[in-house]
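Undergrad: Sharing a structure here in structure tokens format.
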């Protein structure tokens, strides 16, 4: 049986999430399975089900200032268990993408910095160069001594390379550039 | 003709998860499974790309599928659970949504491959019947809990990997090699994955729960199939012990390392 819509008046934010991710939060009937199964919900200011509700009500301020989406580890337990087949993890991604695009300050800046550092690294190196990514992250967050001990331990085990391979770097650089261009075109088309 | 697989190791297996790479290769060699590393492979976008751009998170895996097809291969094996998930997700989403498939093709500036299957090493090894005969070393002292993590099984619609809430593939594989595996309820609970670098407190709490449960059922080792899980459970174990005043001393193995041990592969070839 196809899932049934529970309301028909749609907030702008819900529409934005739908167009970004293909996920219709208005299918939610608040069963709270997503919150119950979430390993990280204990650390969230709003549980996944509450965030979904806020999106439906168009409470943009609450949604974009909430730590919830930035704490989500994309473990997809919620996605797998939702009886209405809402891909909750994708909704989380969509909120992050919209926030970053609008230039809003992320509620947990370190997480956004991590994304930026990791992707800049992949773009330039072709494959993830961990040491370079860590340095990039530290320059963005100024947490220079966080996990220094662990870094030394991994380095001693030979698990951190000192020199990147740059294999595939030209390919990733081109893909990143084309994706950016396509997304710009798509956005213009929408507005 | 024997089957040949295109091998996608992924970034972690060339660095932080190097022992997964060497032990997987050693086990394949021992079992006569032919693998060839994809030439010029690139990062699949891992846990970060999909948080910032859907198109990017699908285009990066597809580039690797194109490379595999170029080598004339139709079956690709991705040992890292995160890469495996990203590659399967990309195929699933392109099949579901022709519009996004068109965008991916534009982003890569080439047509998408027609049919490349993405497999996990577990799926390759499961198909082999003669496994028990190949065992040369008994490991009676080991009591292992298999930790599948998130990405091998979820979301079930996309991954199509056994029972998503309680998978058995790794348990069955290790049991067939004479290794004792135990039932436990944290098989697919999250270890915090990508939050390791940014919200270490969350990772310590989640891995603490996993260790507690492993100890409670009487395990003396944990088997994993994901380099992100391995980093969190192995390298951070001492930190967890300090934080919670506990003593676990649980060795974390890649399941391929345990397979190698049972199949009599020299330990120096297992990382």
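Residue numbers (the working numbering), protein chains in the order written: chain C, 561 to 751; chain X, 1015 to 1285. Beta carbons: idealized from backbone N, C-alpha and C, even for Gly.
(1) Would you list the residues sitting across from residue 1193 (chain X) in a DSSP beta bridge?
(2) Confirm the yes/no value for this check: CB of residue 689 (chain C), any heavy atom of the ligand ZN, distance under 7 Å.
(3) In chain X, what lies closer than 7 Å to residue 670 (chain C) by C-beta?
(4) Determine, for residue 1015 (chain X), whether the minimum Cβ-Cβ distance to residues of chain C falls below 8 Å.
(5) Could you have a look at residue 1258 (chain X) and say whether DSSP puts it in helix, strand or coil?
(6) Shortest alpha-carbon distance to residue 1237 (chain X) belongs to which of X:1181, X:1158, X:1259?
(7) Give the C-beta separation of residue 966 (chain X) and residue 1204 (chain X) to the nearest angstrom, bearing in mind that I take them to be a contact with Cβ-Cβ under 8 Å.
(8) So which residues of chain C does residue 1187 (chain X) contact, with C-beta pairs closer than 7 Å?
(9) If residue 1239 (chain X) and residue 1184 (chain X) are in contact, beta carbons under 8 Å, what's the gap, nearest whole angstrom?
(10) Within the continuous alpha helix (DSSP H) that includes residue 1083 (chain X), where are the two ends?
(11) Can you name the residues of chain C whose CB is closer than 8 Å to the CB of residue 1120 (chain X)?
(12) Report the neighbours of residue 603 (chain C) on chain X: residues whose CB is nearer than 7 Å to its CB, in chain order.
(13) Any Cβ of chain X within less than 8 Å of the Cβ of residue 635 (chain C)?
(14) What would DSSP say about residue 1018 (chain X), mapped onto helix, strand or coil?
(15) Name the chain C residues that come within less than 7 Å of residue 1029 (chain X), Cβ to Cβ?
(16) Report yes or no: is there a C-beta of chain X within less than 8 Å of the C-beta of residue 686 (chain C)?
(17) Entirely within the stretch 1126 to 1198 of chain X and at least 3 residues each: give me those beta strand (DSSP E) ranges in chain order.
(18) Counting along the chain, where does the beta strand (DSSP E) carrying residue 1237 (chain X) start and finish?
(19) Name the residue from C:710, C:725, C:670, C:685 whose alpha carbon lies nearest to the alpha carbon of residue 699 (chain C).
(20) Where does residue 573 (chain C) land, buried or exposed, given buried means 16+ other C-beta within 10 angstroms?
(21) Return helix, strand or coil for residue 600 (chain C), following the three-state DSSP convention.
(22) Taking contact to mean 3 or more Cβ pairs, one atom from each stretch, closer than 8 Å, check whether the stretch 1083 to 1091 of chain X and the stretch 1050 to 1059 of chain X are in contact.
(23) Only counting the same chain, and skipping five residues up and downstream in sequence, which positions put a Cβ closer than 8 Å to that of residue 725 (chain C)?
(24) Relative to the C-alpha of residue 564 (chain C), which residue among C:580, C:747, C:646 is closest?
(25) Counting along the chain, where does the alpha helix (DSSP H) carrying residue 1050 (chain X) start and finish?
(26) How about residue 601 (chain C) and residue 635 (chain C): do their beta carbons lie closer than 8 Å?
(27) Compile a chain-ordered list of the residues in the stretch 1053 to 1070 of chain X whose CB is closer than 8 Å to at least one CB of chain C.
(28) Contact between the stretch 578 to 588 of chain C and the stretch 652 to 665 of chain C: three or more CB pairs below 8 Å?
(29) If we cut at 8 Å on Cβ distances, does residue 678 (chain C) have a partner in chain X?
(30) For residue 1092 (chain X), report the span of its beta strand (DSSP E) as first-last.
(31) Alpha carbon to alpha carbon, what distance is there between residue 715 (chain C) and residue 1177 (chain X)?
(32) At 7 Å on the CB atoms, spell out the chain C contacts of residue 1281 (chain X), in chain order.
(33) Residues in the same chain with beta-carbon distance under 8 Å from residue 1275 (chain X), minus the five sequence neighbours each way, listed in chain order, please.
(34) Going by other Cβ atoms of all chains shown within 10 Å of its Cβ, with 16 needed for buried, is residue 1125 (chain X) buried or exposed?
(35) Residues of chain X with a CB under 7 Å from the CB of residue 663 (chain C): which are they?
(36) Do the stretch 1124 to 1143 of chain X and the stretch 1212 to 1224 of chain X meet, that is, are 3 or more Cβ pairs less than 8 Å apart?
TA: Looking at the coordinates:
(1) Here residue 1193 (chain X) refers to the residue found at position 179 of the second chain. The partner list for residue 1193 (chain X) (beta bridge, DSSP) is empty, contrary to what the question assumes.
(2) In the structure shown, the ligand ZN is absent, as is every other ligand, since no ligand is present at all.
(3) Numbered from its first residue, the first chain carries residue 670 (chain C) at position 110. Correct list: 1212.
(4) Taking the second chain and counting its residues from 1, one reaches residue 1015 (chain X) at position 1. Residue placement at residue 1015 (chain X) is flagged as unreliable, the pLDDT there being 46, under the threshold of 50; a coordinate-derived value is accordingly withheld.
(5) The residue labelled residue 1258 (chain X) in the question sits at position 244 within the second chain. Residue state, collapsed to three classes: helix.
(6) Here residue 1237 (chain X) refers to the residue found at position 223 of the second chain. Residue 1237 (chain X) has its Cα closest to that of X:1158, out of X:1181, X:1158, X:1259.
(7) Examination of residue 966 (chain X) is not possible in this model, given that chain X is present from 1015 through 1285 alone.
(8) Translated into the one-based positions of the second chain, residue 1187 (chain X) becomes position 173. In chain order: nothing, as chain C lies at least about 23 Å away.
(9) Reading the second chain from its first residue, position 225 is the one you call residue 1239 (chain X). Reading the second chain from its first residue, position 170 is the one you call residue 1184 (chain X). At roughly 7 Å, the Cβ-Cβ gap stays under 8 Å, so residue 1239 (chain X) and residue 1184 (chain X) are in contact.
(10) Numbered from its first residue, the second chain carries residue 1083 (chain X) at position 69. From DSSP, the alpha helix (DSSP H) with residue 1083 (chain X) extends over 1068 to 1084.
(11) Here residue 1120 (chain X) refers to the residue found at position 106 of the second chain. Under the 8 Å cutoff, chain C gives 738, 742.
(12) Taking the first residue of the first chain as 1, we reach residue 603 (chain C) at position 43. Under the 7 Å cutoff, chain X gives 1216.
(13) The residue you call residue 635 (chain C) lines up with position 75 of the first chain. Residue 635 (chain C) counts as touching chain X.
(14) As a first step, residue 1018 (chain X) is located in the second chain; it is residue number 4 there, counting from the start. Three-state result, residue 1018 (chain X): strand.
(15) The residue labelled residue 1029 (chain X) in the question sits at position 15 within the second chain. Result: 690, 719, 720, 721.
(16) As a first step, residue 686 (chain C) must be located in the first chain, where it is residue number 126. Closer than 8 Å to some Cβ of chain X, the Cβ of residue 686 (chain C) qualifies, so yes.
(17) 1131 to 1133, 1157 to 1161
(18) To locate residue 1237 (chain X), count along the second chain from 1; it is residue 223. Counting along the chain, the beta strand (DSSP E) containing residue 1237 (chain X) begins and ends at 1235 to 1238.
(19) For this step, residue 699 (chain C) is matched to residue 139 along the first chain. Checked all of C:710, C:725, C:670, C:685; the closest Cα to residue 699 (chain C) is C:670.
(20) Here residue 573 (chain C) corresponds to residue number 13 of the first chain, with the count starting at 1. Its Cβ being crowded by 16 or more others within 10 Å, residue 573 (chain C) is buried.
(21) Sequence index remark: in the first chain, residue 600 (chain C) carries index 40 (1-based). Residue 600 (chain C) falls in the coil class under three-state DSSP.
(22) yes
(23) Walking along the first chain from the start, residue 725 (chain C) turns up at place 165. So the qualifying residues of the chain are 685, 686, 687, 689.
(24) Along the first chain, one-based indexing puts residue 564 (chain C) at 4. When only C-alpha atoms are compared, the closest one is C:646.
(25) In the second chain, residue 1050 (chain X) corresponds to position 36, counting from 1. Segment 1048 to 1051 is the beta strand (DSSP E) holding residue 1050 (chain X); no alpha helix (DSSP H) there.
(26) Translated into the one-based positions of the first chain, residue 601 (chain C) becomes position 41. Translated into the one-based positions of the first chain, residue 635 (chain C) becomes position 75. The answer is no: Cβ separation not under 8 Å.
(27) 1054, 1055, 1056, 1057, 1059, 1060, 1061, 1062, 1063, 1064, 1065, 1066, 1067, 1068, 1069, 1070
(28) yes
(29) Locating residue 678 (chain C) in the first chain gives position 118, counting from the first residue. Yes, because at least one Cβ of chain X sits closer than 8 Å to the Cβ of residue 678 (chain C).
(30) On the second chain, residue 1092 (chain X) is found 78 positions in, with the first residue counted as 1. Segment 1089 to 1092, the beta strand (DSSP E) holding residue 1092 (chain X).
(31) Sequence index remark: in the second chain, residue 1177 (chain X) carries index 163 (1-based). Sequence index remark: in the first chain, residue 715 (chain C) carries index 155 (1-based). Approximately 38 Å, taken between the alpha carbons.
(32) The residue labelled residue 1281 (chain X) in the question sits at position 267 within the second chain. Per Cβ cutoff of 7 Å: no residues; residue 1281 (chain X) is ~16 Å from chain C at best.
(33) Reading the second chain from its first residue, position 261 is the one you call residue 1275 (chain X). Contacts found: 1151, 1153, 1281, 1284.
(34) Counted from its first residue, the second chain places residue 1125 (chain X) at position 111. Residue 1125 (chain X) should be labelled exposed.
(35) Position 103 of the first chain, counted from the first residue, corresponds to residue 663 (chain C). Residues of chain X passing the Cβ test: none, with the nearest at roughly 13 Å.
(36) no
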